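*Asks:* In this note's numbering, the protein residues as written are 14 to 312. Each residue gets a CB set at the ideal place from its N, CA and C atoms; glycine is no exception. Fair warning: this is a prediction, and the values are worked out from it, not measured in the lab. Before I ask anything, let me first share the structure, which is written out below as structure tokens.
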């Protein structure tokens, strides 16, 4: 069982890494995509907003799909769609083709993110200690690699599809092979645990009252996550555009801010699991929220 968990952890970490590379290659070349398809500045926010909206729809759909299909299977087939959508965005010639590629990218990313994190939580439960942030560190490492490849593509004035094709050609078969070792949570594990720990002997803590209490407890965390996501998406989607158009930076320099951002997230995520084990998740969330708030204030 230990070998199974180790292989599952390694394969899932590679999936996070591959997604980090893919996403970085897309967002750091937004100005190049805009130029290729002739997307106006007024229309660009529509394209950029559509991706997270569709990703949210994909995540909600995944929540229902996992009742019938294992998360590992959803991840196995959604990640190739993400990779091929990236290639489609770089290889198309008409704005409608870009729209289709980004729509497929958004929906597939939603399914991928949801299923990937489900598998991460399952592995964390099996390990009995915090390991999820390590997966996100692998994503950050992938983001560094992807942004660096984007810099190289811009530096050598490569067409987008030329930059994307070798990456997709390497990652696509690799993630399919790695998907053989994904580890799903055993179906009976969670219900048994919930039965042992849920409610009291009089049935308190169930039904509508319990749901209200849980929502109130989760609301502050949800607010923190919302503002953090706004900051994250701002850096991801607009840093390259802002640096190139507003500050007059070159096309290759426009890829650097996201790379720097990924370096800092890699540092935080690398030590995050150790912080959770040593000080607890609440302390780590509080510190992270404080650092994020300071970042907002500085910007």
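#1: Drop a sphere of 10 angstroms on the beta-carbon of residue 232, count the other beta-carbons inside from all chains shown, and report buried for 16 or more, exposed for fewer.
#2: Just to confirm my understanding: we take residue 73, look at its own chain, exclude 5 residues before and 5 after, and list those with CB closer than 8 Å. What are they?
#3: With residue 273 as the anchor, note down where its alpha helix (DSSP H) starts and where it stops.
#4: When the Cα atoms are used, what is the spatial distance from residue 75 to residue 90?
#5: Let me know the alpha helix (DSSP H) ranges lying completely inside the segment 66–132, each 4 residues or longer, listed in chain order.
#6: Counting C-beta neighbours from all protein chains within 10 Å, is the total for residue 53 16 or more, i.e. buried, or is it exposed?
#7: Starting from residue 23, trace the alpha helix (DSSP H) in both directions and tell me its first and last residue.
#8: Mapping the DSSP letters down to three states, classify residue 49 as helix, strand or coil.
#9: How many Å lie between residue 229 and residue 84 at the Cα?
#10: Pull up the distance between the alpha-carbon of residue 134 and that of residue 149, whole angstroms please.
#11: Could you tell me which of 60, 87, 297 and 184 sits nearest to residue 281, measuring between CA atoms?
#12: Under the three-state reduction of DSSP, which class applies to residue 144: helix, strand or coil?
#13: For residue 23, count neighbouring C-beta atoms within 10 Å of its own C-beta (all shown protein chains included) and say buried if the count is 16 or more, exposed if not.
#14: Return the CA-CA distance between residue 188 and residue 93, expressed in angstroms with no decimal places.
#15: For residue 313, I'd like the list of residues in its chain whose CB is within less than 6 Å of its CB, leaving aside the five on either flank, ordered along the chain.
#16: Look up residue 2 in the DSSP assignment and say whether it is helix, strand or coil.
#17: Three or more C-beta pairs closer than 8 Å, one from the segment 157–165 and one from the segment 102–119: is that the case here?
#18: Which word fits residue 16, buried or exposed, when buried means at least 16 other C-beta atoms lie within 10 angstroms of its C-beta?
*Replies:* Walking through what the data contain:
#1: exposed
#2: 123
#3: 269–292
#4: 12 Å
#5: 84–104
#6: Classification of residue 53: exposed, given that the 10 Å Cβ count is below 16.
#7: 15–40
#8: Here residue 49 sits in helix by DSSP.
#9: 28 Å
#10: The C-alpha of residue 134 lies about 12 Å from the C-alpha of residue 149.
#11: 297
#12: coil
#13: exposed
#14: 8 Å
#15: Outside the displayed range of the chain (14 to 312) lies residue 313, so it cannot be described from this structure.
#16: For the chain, the structure presents residues 14 to 312; residue 2 sits outside this window and is missing.
#17: Flag = no, the segment 157–165 and the segment 102–119 do not touch.
#18: exposed
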